[in-house]
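One structure is given here, and the rest of the page talks about it.
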Amino acid sequence: MRNSIFLQKLFSSLPKPILSSIVSSYIKIKSPYNKHKEHKRFIFDENGIPSIEYGKINDIKIGIQRNPVTISQQTMTYYKQLQKKSTNQIKEKLLNCANWLVTNSVPVKNYSLLYYNFPWPAYNLEKPWVSAMAQGQAIQALINAHKILEDEKYLETAKLLLNSFHVETTDGGITYKDNSDRWWYEEYASKKGKKSRVLNGMIFALFGIYDYYCYQKDPDAEFLFQQGIRALKNDLPRYDYGKGYSYYDLLQNPARKYHKIHVEQLSQLYEITAEEIFKTYFERWKNFDYNKNMSNLIIEDILKQ
């Protein structure tokens with residue numbers, strides 16, 4: 014595996030923290046695609062742990078919910094803030110978020126899962142469901158917590174979360190094993206839901222696995238990363254919308270504002286792996302002007318329905 018400055022400099026000041034910018038872009042996006050409307054509102058409790066007010070999605074009331082991805086990203090945000098200025102208040106909030114991830118990681122045999130305890134109508138998911146992106150970002154958040162707090166429970170939980178990438182969706186896990194050497198890590202995973210294969214979620218999951226490898230030099234993390242990279246290389250051409258644009262998932266939902274995230278992610282994957290296919294699609298997609306072409310994309314999307 015090629016050594017990289019990418020995740021080893023996670024949230025550092027050298028240079029502009031790339032993953033931080035990707036996560037920040039992700040947080041700002043309101044909806045994976047405009048087949049439904051979400052009305053998100055972030056709510057923080059007295060411990061600095063966020064919830065989201067989802068309102069209704071497809072006429073199904075979701076309400077205020079804890080989202081493991083949001084809590085992991087907030088943990089990483091607190092970590093970034095502590096790098097700039099260390100305060101007991103921010104450290105305590107990071108502790109609270111990291112402890113939430115530990116407490117809510119449900120042990121199953123030799124692995125743990127973070128469950129979403131609300132339905133997700135966009136992909137016909139009934140509660141509870143699980144997410145490879147959530148597992149991966151929680152790993153990153155817990156590594157950050159270990160760096161600050163030096164408590165081994167964070168690494169122990171991160172390892173259990175890593176082990177979940179071996180478990181297929183048919184067994185309640187997060188992985189589609191396409192064959193013996195290509196595994197896809199599903200953002201919206203369930204036994205019965207749609208096989209959406211969301212691109213950005215898969216790549217965020219890979220970043221979490223890679224971060225664990227960089228921190229622990231764990232051969233299993235390297236194996237899981239390579240399994241995922243082979244699956245991604247195989248499927249990436251299927252996300253090419255044409256005209257310099259990408260699909261959000263393999264259900265051919267347009268990426269819309271996630272397109273920029275795809276471009277940033279591919280840039281970093283090329284930095285990590287030196288695989289030419291990531292550079293090829295980065296170059297193909299990087300100059301797309303979302304705002305300029307939005308109206309045409311909406312019309313094309315309607316005509317396809």
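The end of the sequence shown is residue 318 by our numbering, with every number in the run present.
Every residue gets a Cβ at the ideal spot worked out from N, C-alpha and C, and that includes glycine.
Since we're looking at a predicted model, the values are computed, not measured.
Distance, residue j Cα to residue i Cα
{"i": "Ile-204", "j": "Thr-100", "result": "The amino acid occupying residue 204 in the given sequence is Lys; Ile does not appear at that position. So the two alpha carbons sit approximately 44 Å from each other."}
{"i": "Asn-266", "j": "Leu-175", "result": "29 Å"}
{"i": "Gln-96", "j": "Ile-161", "result": "10 Å"}
{"i": "Pro-103", "j": "Arg-251", "result": "Looking at the sequence itself, residue 103 is Ile, so the reference to Pro does not match. One C-alpha to the other measures close to 42 Å."}
{"i": "Ile-222", "j": "Lys-190", "result": "17 Å"}
{"i": "Phe-220", "j": "Phe-295", "result": "17 Å"}
{"i": "Lys-172", "j": "Ser-64", "result": "25 Å"}
{"i": "Gly-206", "j": "Gly-241", "result": "21 Å"}
{"i": "Glu-200", "j": "Ile-156", "result": "21 Å"}
{"i": "Arg-324", "j": "Ala-111", "result": "Nothing in the structure corresponds to residue 324, since the chain is present only between 14 and 318."}
{"i": "Val-115", "j": "Gly-255", "result": "42 Å"}
{"i": "Pro-134", "j": "Tyr-228", "result": "36 Å"}
{"i": "Phe-131", "j": "Phe-55", "result": "16 Å"}
{"i": "Ser-209", "j": "Ile-62", "result": "29 Å"}
{"i": "Arg-297", "j": "Lys-305", "result": "17 Å"}
{"i": "Glu-66", "j": "Gly-76", "result": "5 Å"}
{"i": "Asp-233", "j": "Ser-177", "result": "12 Å"}
{"i": "Thr-286", "j": "Phe-238", "result": "10 Å"}
{"i": "Thr-90", "j": "Val-119", "result": "24 Å"}
{"i": "Gly-68", "j": "Gln-78", "result": "10 Å"}
{"i": "Thr-83", "j": "Asp-194", "result": "31 Å"}
Paired residues, beta bridge with residue i - DSSP
{"i": "Lys-273", "result": "According to DSSP, Lys-273 bridges with nothing at all."}
{"i": "Arg-195", "result": "Asn-192"}
{"i": "Glu-181", "result": "Thr-188"}
{"i": "Glu-66", "result": "Arg-54 and Ile-77"}
{"i": "Tyr-258", "result": "Gly-255"}
Secondary structure of residue i, DSSP reduced to three states
{"i": "Val-119", "result": "strand"}
{"i": "Ala-268", "result": "coil"}
{"i": "Asp-253", "result": "strand"}
{"i": "Phe-55", "result": "strand"}
{"i": "Leu-263", "result": "coil"}
{"i": "Tyr-136", "result": "helix"}
{"i": "Pro-141", "result": "coil"}
{"i": "Ala-202", "result": "strand"}
{"i": "Phe-301", "result": "coil"}
{"i": "Asn-306", "result": "helix"}
{"i": "Ala-287", "result": "coil"}
{"i": "Gly-61", "result": "coil"}
Boundaries of the beta strand (DSSP E) in which residue i is found, first to last residue
{"i": "Pro-232", "result": "Looking at the DSSP string, Pro-232 is not in any beta strand (DSSP E); the run it does join, the alpha helix (DSSP H), is 232–248."}
Range of the contiguous alpha helix (DSSP H) that encloses residue i
{"i": "Glu-165", "result": "165–176"}
{"i": "Ile-75", "result": "No alpha helix (DSSP H) holds Ile-75; DSSP gives it neither H nor E."}
{"i": "Tyr-124", "result": "Per DSSP, Tyr-124 belongs to no alpha helix (DSSP H); it is in the beta strand (DSSP E), 124–127."}
{"i": "Asp-224", "result": "212–229"}
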